[in-house]
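Undergrad: No gaps in the numbering here: position 34 of the sequence shown is 151 in the numbering used here, and each next residue is one more.
A virtual CB, placed ideally from N, CA and C, is assigned to each residue, including glycine.
On a predicted model such as this, the values are computed, not experimentally measured, just so you know.
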Amino acid sequence: MSDEEDMNMSEEEVDEVEEASEEETGEASEEEGGESADEEEDEAEKGDEKAPDPTEKKQSLAKRNQIAFPLARVRRIMKVDQDVKLISADANVLVAKSTELLIQYLVERAQAETTRKKRKIMKYDDVARAVAKNDNLFFLADSIPERTQLKKKDGKYIQTTL
């Protein structure tokens with residue numbers, strides 16, 4: 118494995134590679150002077166849980182959860198905060214998955230606004246209205262405000278939403 122590939126691996130993937138190499142070296146020493154394969158199978162059958170197959174490739178947490186965002190980029194964004202020194206692989210996956218779910222929720226609410234107006238194309242106003250209507254999205258109100266317009270009525274200007 119090249120150094121460049123090694124640098125692109127997450128901490129969890131590095132741990133998995135190390136565990137796999139330890140298992141391979143451990144199996145070789147057991148075969149020389151340890152238990153036989155039949156005894157290991159008997160012990161595995163006795164336990165309630167199925168013994169992991171060492172030949173089966175382990176999937177990373179990100180692949181099992183099918184995360185849409187690249188974890189390296191999520192990690193880089195998290196490290197922009199100067200208070201953050203280290204980020205565990207699990208925390209990185211959780212932030213990426215949480216972000217994905219938040220965006221999915223926001224888009225579903227905005228799509229409901231688009232359908233309500235009998236349109237097929239989502240606009241900024243649909244997203245802003247979804248943020249304004251849903252209490253769960255209130256924290257985005259400053260970032261995604263509804264557009265307003267000033268109208269003159271009786272010599273006074275009144276601010277109305279579009």
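Given Asn251, which residues of its chain have a CB within under 6 Å of its CB, disregarding the five upstream and five downstream residues?
TA: Position 134 of the sequence shown, counted from the first residue, corresponds to residue 251. Only Arg226 meet the Cβ criterion.
Undergrad: So, are the CB atoms of Asp197 and Thr216 less than 9 Å apart?
TA: Here residue 197 refers to the residue found at position 80 when the sequence shown is read from its first residue. Here residue 216 refers to the residue found at position 99 when the sequence shown is read from its first residue. For the sequence presented, residue 197 should be read as Val rather than Asp. When the beta-carbon positions are compared, Val197 and Thr216 stay at least 9 Å from each other.
Undergrad: Work out the CA separation of Asn253 and Asp242 for me, nearest whole Å.
TA: Along the sequence shown, one-based indexing puts residue 242 at 125. Along the sequence shown, one-based indexing puts residue 253 at 136. Rounded to the nearest whole angstrom, the C-alpha separation of Asp242 and Asn253 is 18 Å.
Undergrad: Jot down the residue ranges of each uninterrupted alpha helix (DSSP H) in the stretch 229-272, minimum 4 residues, whole runs only, in chain order.
TA: 241-250
Undergrad: With 16 other CB atoms within 10 Å as the buried threshold, where does Val201 fall?
TA: By one-based count along the sequence shown, residue 201 stands at place 84. Its Cβ having fewer than 16 others within 10 Å, Val201 is exposed.
Undergrad: Closest by CA to Leu223, which one among Phe255, Ile238 and Phe186?
TA: Numbered from 1 along the sequence shown, position 106 holds the residue referred to as residue 223. Measuring from the Cα of Leu223, the nearest candidate turns out to be Phe255.
Undergrad: Whose C-alpha, out of Tyr274, Ala189 and Ala245, is nearest the C-alpha of Ser260?
TA: Residue mapping note: residue 260 aligns to position 143 of the sequence shown, counting from 1. The shortest C-alpha separation from Ser260 is found at Ala245.
Undergrad: In terms of alpha-carbon separation, which member of Ser205, Gln199, Gln266 and Ile184 lies closest to Gln221?
TA: Within the sequence shown, residue 221 is the residue found at index 104, counting from 1. Ranking Ser205, Gln199, Gln266 and Ile184 by Cα distance to Gln221 puts Ile184 first.
Undergrad: How many Å lie between Ile238 and Thr232 at the Cα?
TA: Position 121 of the sequence shown, counted from the start, is the residue given in the question as residue 238. Position 115 of the sequence shown, counted from the start, is the residue given in the question as residue 232. Roughly 9 Å between the two C-alpha positions.
Undergrad: Mind checking whether Lys269 and Gln276 have CB atoms under 9 Å apart?
TA: Here residue 269 corresponds to residue number 152 of the sequence shown, with the count starting at 1. Here residue 276 corresponds to residue number 159 of the sequence shown, with the count starting at 1. Contact: no.
Undergrad: At the level of alpha carbons, what is the spacing between Ala208 and Pro187?
TA: Sequence index remark: in the sequence shown, residue 208 carries index 91 (1-based). Sequence index remark: in the sequence shown, residue 187 carries index 70 (1-based). Roughly 14 Å between the two C-alpha positions.
Undergrad: Report the CB separation of Glu263 from Ala247 in whole angstroms; it is logged as a contact under 8 Å.
TA: Within the sequence shown, residue 263 is the residue found at index 146, counting from 1. Within the sequence shown, residue 247 is the residue found at index 130, counting from 1. Not quite, the Cβ-Cβ distance comes to about 10 Å (not below 8 Å), so this is no contact.
Undergrad: Could you name the residues of the same chain whose beta carbon sits closer than 6 Å to that of Met195, not counting the 5 residues immediately before and after it, in chain order?
TA: Residue mapping note: residue 195 aligns to position 78 of the sequence shown, counting from 1. Here the set comprises Val201 and Ile204.
Undergrad: Express the C-alpha separation of Lys240 and Thr278 in angstroms, rounding to a whole number.
TA: Residue mapping note: residue 278 aligns to position 161 of the sequence shown, counting from 1. Residue mapping note: residue 240 aligns to position 123 of the sequence shown, counting from 1. Separation of Thr278 and Lys240 (C-alpha to C-alpha, rounded to the nearest whole angstrom) is 15 Å.
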